[in-house]
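Written below as structure tokens is the structure these notes are about.
Residue numbers (this note's numbering): 915 to 1120.
This is the structure:
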């Protein structure tokens, strides 16, 4: 037993009356084997992405979601079913759409593009989430499709902002104190000195 594809049409006389059938049968065993391998590959991909800490989304050329993993739903606030009804552009601020579309077109065409960049995700509740995106392409259902790997970096950005604020407070303190502040390596080469030390020692920074 093997799979075939059959195409059948009527044979008609000059009056248009059917007098027989014409059938064409094609062996599609190899095609079915390829389709089976594709299905198995996609199942393995789904299983792999199920528990990833990064959001994964595969979209078509119009931005429609074809596949999303659970983390992507968590990041965007939409269920998988809801994501199938919206596009990636619905998660994008209007001012960012044109730039992201240009980048996607370049990826599809195989041109050089930015490997990683930060962007804003507009969640279902309207709040904005800072994310790091790693765009690429993948073979999905027989066609090359854009794929996005998205990581929530809200906590990281908050930590960076806190660090900058802390460093700014330290800089203000070190600049305005009357005490001399310095740092040095273990060979006693100075690596940092504040302004007060100049008056104390009479040397310039150089």
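All residues carry an ideal CB built from backbone N, CA and C; glycine is no exception.
State yes or no: is the C-beta of residue i within less than 8 Å of the C-beta of residue j?
i: residue 1023; j: residue 1046; result: no
i: residue 997; j: residue 979; result: yes
i: residue 1028; j: residue 1002; result: no
i: residue 886; j: residue 1005; result: With the chain covering only 915 through 1120, there is no way to say anything about residue 886.
With DSSP as the reference, label residue i as helix, strand or coil.
i: residue 950; result: helix
i: residue 1106; result: strand
i: residue 934; result: strand
i: residue 1012; result: helix
i: residue 978; result: strand
Please confirm whether any heavy atom of the ligand GTP lies closer than 7 Å to the CB of residue i.
i: residue 951; result: For the structure depicted, the ligand GTP is absent and the ligand set is empty, with no information on it obtainable.
From the DSSP output, which residues share a beta bridge with residue i?
i: residue 969; result: 1064
i: residue 939; result: 920
i: residue 925; result: 934
i: residue 1059; result: 1052
Once you ignore the five residues that flank residue i on each side, which residues in its own chain have a CB closer than 7 Å to its CB?
i: residue 968; result: 985, 1063, 1064, 1065
i: residue 1111; result: 1094, 1096
i: residue 918; result: 939, 940, 941, 942
i: residue 946; result: 917
i: residue 1099; result: 1105
Short of 6 Å in beta carbon distance, which residues of its chain neighbour residue i, apart from the five on each side in sequence? Order them along the chain.
i: residue 1044; result: 1067, 1068, 1071
i: residue 982; result: 971, 994, 997
i: residue 936; result: 923, 925
i: residue 1131; result: With the chain represented from 915 up to 1120, any question about residue 1131 goes unanswered, as that position is not in the structure.
Cutting at 8 Å between CB atoms, please list the residues of its own chain near residue i, excluding the five before and the five after it.
i: residue 964; result: 983, 984
Inset, instruction - With a floor of 3 residues, list each beta strand (DSSP E) that falls wholly inside the stretch 1014 to 1056, ordered by position along the chain. - result: 1031 to 1036, 1042 to 1054
Legend entry - Whole runs of the alpha helix (DSSP H) within the stretch 1071 to 1107, excluding any shorter than 4 residues: none
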